[in-house]
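First comes the structure, then the notes that go with it.
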Ligand SMILES: Cc1cc2nc3c(=O)[nH]c(=O)nc-3n(C[C@H](O)[C@H](O)[C@H](O)COP(=O)(O)OP(=O)(O)OC[C@H]3O[C@@H](n4cnc5c(N)ncnc54)[C@H](O)[C@@H]3O)c2cc1C
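In the numbering used here, the protein residues as written are 36 to 540.
Shown next as C-alpha cells:
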C-alpha cells in the first residue's frame, strides 16, 4: 500500500489492492470519492442500505490520512466539551457527546457484523496536566465533561513515566488497526455488490437535473448523489476558508524495559503529545505523536521527528525507532466538523474538519450522509451542517490567520530563498527558487537529476513549500500536496503543479 508521503507508517503492510472491472455505462445511486475511513464507511453503509454505490479512489484504499493516523477511538475530543458548551450551548455539547458515542457503537457494530479482525480493543484513557497552567485547563475539561455526562475521574498515578501535577482517567475508549478495519469494510462492500475503483482520479463534476456527471481519469461516472470523502472537498468553496490544514508526527518505538503502558495517554501541552501501543508482527510498539504545526509552517519538517523522538526518550527507555511518519488533518474554525450537503448543491455531500478525531467523525459522517441520502431523519444534521452560521469572532480571527499565510507567501515570492542557481541545491533537497522573475519548485534527486515545477498551487494560487520529511510540496493555504513530479497527492487541488522542462527556463 502507498501513502501520500515517502515515510512508511505502521499500518502500511496491511492493505491489499482491490482490482476492479468497472463498467462506466452503469448508472449509480451514489458515487463516493475518497477511500479513507470516511469514504469506505459511507460506501459500506449505503450499499448495505440498498443503494448501488461506486467508491472512487485516486491512489489506493488508505492512501490519505487514514493510512497515517494513530487510530485512537475517543469519546472526549480535541474540541473539549467545555469549549463546545461555550460555542454550541449545553444542548449542542450533549448532542455532540451522543453523536460520538453513536460513532463508537457503529465501529463496534461494523466489526461485529463482519467479524473483523482489526486488533480492536477497549481502553481507558489518561489525560494528564504537566504544570499548573495545564492543570487549570484540565479543570475546565473535567467541568465540561461532567455537564455532558462524559465520565472523567481524578487519579493519583498514571501509567506513563512522565511527571504530572493532575490527571484523570476516562473509561470507554478504544483503539484498532485502521487499515485492517477499512480493508474488511471494503471487502464487505464488494460482497454486497458495491464497486471499488482505485488509481482513478476524480477531476470534476457537473450537476444536471437528475444526474451528476463525474469526470475521472478513467472515464465518466453517472450518479444520482456524490460524496466527497476526500478529507476536504475538491474545487474551491467556503469550506476551504473555514478549515485549516495541519501536520502531525508519529513515531513507533520498541522499549528496552518492555514497560508498555496499557492505557491511551494524552498530555495538555500545546500541541499535545499522544500515546498508545500496537503489536505489529508479534512485536510490541509504543506509538507517540505530536509536534503538530500548520502545513507549510515548518522550515524543516525533519526536525519535528527529532524533537518528538528526543521528547519521548526523556521519559521512556527507548530501544529502536521502528516507524516514523507524518500526516495532515484539518482544523475547523468553530471546533466542529462539517458534515452534510455542500452549500449551493442539491445532491453533493462532504465531511471535513475532523481535527485529530477522524476515526469518530469519519464514522459519524457515514451515518449522517447516509441518513441524508436515504432521506431518513437525522438529529445531527444541524449541529454539523456545512452551512451553519459561523461564530463571528472566531471566524474573523481564523480569516486573519489565513490572510497571514497569504501575506507570507507574497513576501516569499519577493524575497524567495537566496538561491540564485540550481547548483546551490543539494542532492535530496527541494527549494523554491526565483529565476528571472518567476518562482519554481526545484527538487534535486540523489544522483543529480532535477525536477522543475512552477511553485504556484493551481487550487488557489498560493505558493507551495518544501516538506523534507515526506518529500513533497505542501500548500499552506488549503493543504494541497504534490509529489516531486508535481502530481497531486492530497486534495483539494485537482490539478498537478505545472511541470517545466529545463530548456523552458
Ligand atoms: C498523525 C495523525 C494522527 C491522527 N490520529 C488520530 C487518532 O488517533 N484518532 C482519530 O480519531 N483521528 C486521528 N487523526 C485524524 C484522522 O486520521 C483523520 O481525520 C481521518 O483519517 C480522515 O479520514 P478521511 O477518510 O476523511 O480522509 P483520508 O484518509 O485522507 O482519505 C481521503 C482519500 O481521498 C482520496 N482523494 C483525494 N482527492 C481525490 C481525487 N481527486 N480523486 C479520488 N480520490 C481522491 C485520497 O487519495 C485519500 O485516500 C490523526 C491525524 C493525523 C494526521
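The beta carbon of each residue, even a glycine, is placed where N, CA and C say it ideally should be.
Outcome for residue i when other beta-carbon atoms lying within 10 angstroms are tallied against a minimum of 16
| i | result |
| --- | --- |
| residue 38 | buried |
| residue 52 | exposed |
| residue 509 | buried |
| residue 162 | buried |
| residue 421 | buried |
| residue 485 | exposed |
| residue 86 | buried |
| residue 336 | buried |
| residue 155 | buried |
| residue 487 | buried |
| residue 63 | buried |
| residue 450 | Below a pLDDT of 50, predicted positions are generally treated as unreliable, and residue 450, at 38, falls in that range; the measurement from the model is reported next regardless. Residue 450 is exposed by the Cβ-count criterion. |
| residue 200 | exposed |
| residue 61 | exposed |
| residue 350 | exposed |
| residue 481 | exposed |
| residue 280 | buried |
Sub-8 Å separation of residue i and residue j beta-carbons
| i | j | result |
| --- | --- | --- |
| residue 320 | residue 289 | yes |
| residue 43 | residue 360 | yes |
| residue 256 | residue 385 | no |
| residue 501 | residue 466 | yes |
| residue 419 | residue 377 | no |
| residue 40 | residue 471 | no |
| residue 198 | residue 159 | no |
| residue 526 | residue 266 | yes |
| residue 115 | residue 193 | no |
| residue 219 | residue 153 | yes |
| residue 97 | residue 231 | no |
| residue 182 | residue 125 | yes |
| residue 370 | residue 119 | yes |
| residue 479 | residue 498 | no |
| residue 398 | residue 67 | no |
| residue 339 | residue 326 | yes |
| residue 57 | residue 253 | yes |
Residue i, DSSP secondary structure in three states
| i | result |
| --- | --- |
| residue 128 | helix |
| residue 407 | helix |
| residue 306 | coil |
| residue 136 | helix |
| residue 527 | coil |
| residue 325 | strand |
| residue 77 | helix |
| residue 445 | Residue confidence is low: residue 445 scores 41 on pLDDT, short of 50, so the model does not pin down where it sits. No coordinate-derived value is stated. |
| residue 450 | Below a pLDDT of 50, predicted positions are generally treated as unreliable, and residue 450, at 38, falls in that range; the measurement from the model is reported next regardless. Residue 450: coil per DSSP, three-state reduction. |
| residue 253 | coil |
| residue 297 | coil |
| residue 37 | coil |
| residue 50 | coil |
| residue 395 | helix |
| residue 311 | strand |
| residue 281 | strand |
Option nearest residue i by Cα separation, candidates the options
| i | options | result |
| --- | --- | --- |
| residue 380 | 479, 504, 149, 270 | 270 |
| residue 364 | 371, 167, 227, 387 | 387 |
| residue 416 | 131, 366, 223 | 131 |
| residue 49 | 494, 316, 495 | 316 |
| residue 503 | 47, 141, 332 | 332 |
| residue 105 | 535, 309, 182 | 309 |
| residue 109 | 284, 143, 99, 489 | 143 |
| residue 55 | 338, 92, 344 | 92 |
| residue 140 | 279, 209, 77 | 209 |
| residue 260 | 298, 90, 227 | 90 |
| residue 275 | 490, 196, 367, 313 | 367 |
| residue 167 | 304, 523, 215 | 304 |
| residue 145 | 190, 258, 76 | 76 |
| residue 228 | 187, 475, 512, 83 | 83 |
| residue 390 | 383, 410, 277 | 277 |
| residue 187 | 173, 204, 179 | 204 |
| residue 519 | 88, 496, 250, 490 | 490 |
| residue 150 | 103, 222, 136, 135 | 222 |
| residue 424 | 253, 196, 273 | 273 |
| residue 495 | 507, 477, 515 | 515 |
| residue 148 | 79, 459, 404, 58 | 79 |
| residue 404 | 74, 70, 45, 36 | 74 |
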